[in-house]
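Residue numbering for the sequence shown follows my numbering, starting at 1 and increasing by one per position.
Before any comments, here is the structure.
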Amino acid sequence: MANHVLLNNVDHKDLRIITERSARYGDNVRFGLTFSWEFRNVQACYPIVFSKNPESGSFTALAMFGFEEGENLFLDEEGWNASYIPMTIETKPFLIGLQKSAGDGTSDVEPVVHIDMDNPRISDSEGEPVFLPHGGISEYLESINSKLHTIHNGYQGDHEFLSAMTEHDLLESFVLDVELNDGSQNRLSGFHTINEDRLRGLDGAALASLNEKGLLLPVYMAIASLTNLRTLIDRRNALLGT
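Given below as structure tokens:
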């Protein structure tokens with residue numbers, strides 16, 4: 001269970017965060033949330049797929065790390081073996097929360113930093129300090145705050161991106177059947193990708209509109225990322241030793 005609380009330099013003055021990458025600290029995850037602004041970096045390492053909420057019909061972008069629940073094929077004895085780690089993974093156990101603006105009589109909300117106090121990275125004796133001895137924020141927390149700000153803005157911007165994907169019917173469900181070197185059959189399903197035929201079928205006005213809004217580049221980044229499915233297969237085969 002998560003235990004999200006508002007971060008502050010009184011209750012959390014001695015807080016430290018273990019930054020080592022391993023399954024014992026929760027990195028054995030099949031995928032991580034991402035957003036279109038991050039696709040350029042994510043596509044260098046991971047397949048980008050989309051998950052559809054069956055109730056709302058809305059989509060979420062994901063960076064995929066493995067084929068099965070609890071599998072991260074980028075984890076090894078030395079840590080996370082990839083040149084880039086998605087920001088939503090890097091910033092854990094911190095997250096953005098929303099609270100009402102204080103004292104202005106309005107119902108506006110503002111983003112604030114929360115922390116999951118039940119996360120295994122939490123420590124009071126090892127890892128990176130969150131606050132300085134006299135209450136100021138550490139360089140580590142400054143870096144986290146910057147990433148959280150980028151994530152928050154990225155999610156806000158993704159409303160337009162994902163709405164455009166739905167408007168032009170560019171997302172389709174897909175199934176990937178994989179035969180591993182040991183002869184076992186595996187199926188990846190339940191996700192969506194960009195339909196390249198529909199993308200090619202868009203008229204000039206639609207393509208120009210997507211480009212002007214900065215939405216065409218992440219489309220191509222998501223398409224290019226699927227070459228990394230081969231990377232996942234190769235890493236799984238390497239674990240099998242076959």
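Ideal Cβ placement from N, Cα and C applies to all residues, glycine included.
Open item on the list: So, at 8 Å on beta carbons, what are the nonlocal neighbours of I151 in its own chain, with the 5 sequence-adjacent residues on each side left out?
Closed with: Around I151: F35, M87, T88, T91, I96.
Task: Between the CA atoms of K52 and D197 - distance to the nearest angstrom - done: Cα to Cα, D197 sits roughly 20 Å from K52.
Task: Neighbourhood of G66 by C-beta distance below 6 Å, restricted to the same chain and skipping five residues each side - done: Within its own chain, the residues whose Cβ lies closer than 6 Å to the Cβ of G66, once the five positions on either side in sequence are excluded, are R30, N72, L73, listed in chain order.
- [ ] Assuming G157 and W37 form a contact by the criterion Cβ under 8 Å, report the distance between their Cβ atoms to the nearest whole angstrom.
- [x] Between G157 and W37, the beta carbon gap of about 6 Å places them in contact (Cβ cut-off 8 Å).
Open item on the list: Since L33 and L62 should fall inside the 8 Å C-beta cutoff, what is the C-beta to C-beta distance between them, to a whole number of angstroms?
Closed with: With a Cβ gap of about 6 Å, L33 and L62 count as contacting.
Open item on the list: Could you tell me the alpha carbon to alpha carbon distance between D116 and H12, rounded to whole angstroms?
Closed with: Distance between the alpha carbons of D116 and H12: 12 Å.
Task: Alpha carbon of L141 to alpha carbon of I85, nearest angstrom - done: Computed Cα separation, rounded: 17 Å.
- [ ] Could you check the C-alpha separation between S138 and S83 for me, to the nearest Å?
- [x] Rounded to whole angstroms, S138 and S83 show a C-alpha spacing of 25 Å.
- [ ] Go to Q185, then tell me how far its beta strand (DSSP E) extends in each direction, as first and last residue.
- [x] Here the beta strand (DSSP E) through Q185 covers 185-194.
- [ ] Return the residue from the list M64, F94, L215, F131 that minimises the CA-CA distance to S163.
- [x] Cα-wise, what sits closest to S163 is L215.
Open item on the list: Using the three-state DSSP reduction, which class does D158 fall into: helix, strand or coil?
Closed with: It is helical.
- [ ] Return the first residue and the last residue of the beta strand (DSSP E) that S225 is part of.
- [x] Note, S225: premise wrong, no beta strand (DSSP E); alpha helix (DSSP H) at 216-225.
TODO: With distances taken Cα to Cα, identify the nearest neighbour of G183 among N237, V112, E77, V10.
DONE: G183 has its Cα closest to that of N237, out of N237, V112, E77, V10.
Open item on the list: Within a Cβ cutoff of 6 Å, which residues of the same chain sit near K100, ignoring the five residues on either side of it in sequence?
Closed with: Contacts found: V109.
Task: Contact belief for F50 with L171 at Cβ below 8 Å, rounded distance in angstroms - done: About 6 Å separates the Cβ atoms of F50 and L171, confirming a contact at the 8 Å cut-off.
Task: Candidates N3, N9, P111, I17: closest to P129 by CA position - done: Looking at N3, N9, P111, I17, the one whose alpha-carbon comes closest to that of P129 is I17.
TODO: Give a yes or no on whether the C-beta atoms belonging to G26 and P133 are separated by under 7 Å.
DONE: No; because the gap between Cβ atoms is not below 7 Å, this pair is not in contact.
TODO: Could you tell me the boundaries of the alpha helix (DSSP H) in which L232 lies?
DONE: Per DSSP, L232 belongs to the alpha helix (DSSP H) from 229-240.
Open item on the list: Can you check which of these residues, F191, A224, K213, L15, is closest to Q43 by C-alpha distance?
Closed with: Nearest Cα to Q43 within the set F191, A224, K213, L15: A224.
Task: Those residues which DSSP pairs with I50 across a bridge - done: For clarity, residue 50 is Phe in the given sequence; the question names Ile instead. For F50, DSSP records a beta bridge to A61, H192.
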